Amino acid sequence: MPGPGAGGLAGVSVDLILFPLDTIKTRLQSPQGFNKAGGFRGIYAGVPSAAIGSFPNAAAFFITYEYVKWFLHTDSSSYLMPVKHMLAASVGEVVACLIRVPSEVVKQRAQVSASSRTFQIFSNILYEEGIQGLYRGYKSTVLREIPFSLVQFPLWESLKALWSWRQDHVVDSWQSAVCGAFAGGFAAVVTTPLDVAKTRIMLAKAGSVTASGNVLSALHGVWQTQGLAGLFAGVFPRMAAISLGGFIFLGAYDQTRSLLLRLGRESP
Numbered sequence: 117m118p119g120p121g122a123g124g125l126a127g128v129s130v131d132l133i134l135f136p137l138d139t140i141k142t143r144l145q146s147p148q149g150f151n152k153a154g155g156f157r158g159i160y161a162g163v164p165s166a167a168i169g170s171f172p173n174a175a176a177f178f179i180t181y182e183y184v185k186w187f188l189h190t191d192s193s194s195y196l197m198p199v200k201h202m203l204a205a206s207v208g209e210v211v212a213c214l215i216r217v218p219s220e221v222v223k224q225r226a227q228v229s230a231s232s233r234t235f236q237i238f239s240n241i242l243y244e245e246g247i248q249g250l251y252r253g254y255k256s257t258v259l260r261e262i263p264f265s266l267v268q269f270p271l272w273e274s275l276k277a278l279w280s281w282r283q284d285h286v287v288d289s290w291q292s293a294v295c296g297a298f299a300g301g302f303a304a305v306v307t308t309p310l311d312v313a314k315t316r317i318m319l320a321k322a323g324s325v326t327a328s329g330n331v332l333s334a335l336h337g338v339w340q341t342q343g344l345a346g347l348f349a350g351v352f353p354r355m356a357a358i359s360l361g362g363f364i365f366l367g368a369y370d371q372t373r374s375l376l377l378r379l380g381r382e383s384p
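Remember, the working numbering sits 116 above the position in the sequence shown when you count from 1.
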């Protein structure tokens, strides 16, 4: 299956190229506010955690995504195709989050306390909260990723199918990338409040109400203190990062996937 390697390589390049935008987004969403969380200083804080988690996280998603698509095989003209893509993406996210969440918890804490080293933050979490601490925010991450994937992947596949139909041949990699950018940017905007809740839960002090991981409670707290602006904090860097990410990630994924399939056909 060519997907995992393609997805893994694409995932690493995207995460590292767009890391500064992710740091700015996290600091805009943090409870102490952008400037106190570090402002524009040390915007690569937490990059080791992202680098370590990136490949296995993206590969785990695409192994699951491709397998579930294969398992739920339906005729390409079937009206059930979007449902198949939604289910595949959702199961993919649940599996990938097992790798993504510990990496994300460490990364986000490093982003808002740039003076601390990544390994030191990792050790502190294990010492103070155990393995549970590394999985704080698992529920909220899954609750963010599933709606995101339910919007992004069917929209990406539908835009590619529409473009293929309009030009009467399969989309090129750059066209797939454009579809990915649009799908990712749209999904990013509509799921920003869930991303804010996830950030607050991951950054909350151990033992606090927010740290318990209740998404509705976290959203209610943000709404009460900051209103709609708080729920959409960081929406522009998030949309920019995910649009660019969708362009690079899904374009590179399609390109690598077709290359690996071609090599597979050519090998004896």
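The beta carbon of each residue, even a glycine, is placed where N, CA and C say it ideally should be. From a predicted model like this one, the values you see are computed outputs, not experimental measurements.
Beta-carbon separation of residue i and residue j under 8 Å?
i	j	result
A226	S232	yes
G343	L144	no
L271	A299	yes
G154	A230	yes
I140	P353	yes
V331	K255	yes
G362	A297	yes
L399	L335	Examination of residue 399 is not possible in this model, given that the chain is present from 117 through 384 alone.
R282	G329	no
L266	M202	yes
Excluding the 5 residues flanking residue i on each side, which residues of the same chain have their C-beta closer than 8 Å to its C-beta?
i	result
A167	V128, D131, L132
V222	G162, S165, T234, I237, F238, I241, L250
Ignore the nearest five residues each way along the sequence and tell me which others in residue i's own chain have a CB closer than 6 Å to its CB.
i	result
Q340	none
P198	P270
E261	E209
M117	Legend: pLDDT at M117 = 45, less than 50; position of this residue unreliable, no value from coordinates given.
Give me the Cβ distance between residue i and residue j, rounded to the nearest whole Å; I'm assuming they're in contact under 8 Å.
i	j	result
C295	K276	5 Å
D138	A368	With a Cβ gap of about 18 Å, D138 and A368 do not count as contacting.
G169	R216	6 Å
R316	V338	7 Å
Among residues of its own chain, excluding the 5 on either side of residue i, which ones have a beta-carbon nearer than 7 Å to its beta-carbon?
i	result
D370	S289, S292
L214	none
Cβ contact check for the segment 234 to 242 and the segment 299 to 307: 3 or more pairs under 8 Å: no
Given 8 Å, three or more beta-carbon pairs between the segment 276 to 293 and the segment 320 to 332: no
Touching by the beta-carbon criterion (3+ pairs, under 8 Å), the segment 169 to 180 and the segment 149 to 160: no
Whole alpha helix (DSSP H) elements within the segment 274 to 306, 4-residue minimum: 289 to 306
4 or more residues per run - each alpha helix (DSSP H) lying fully within the segment 153 to 204: 163 to 187
Runs of beta strand (DSSP E) wholly within the segment 210 to 257 (minimum 3 residues, chain order): none
Contained alpha helix (DSSP H) runs [length at least 4] in the segment 320 to 375, N- to C-terminal order: 331 to 347
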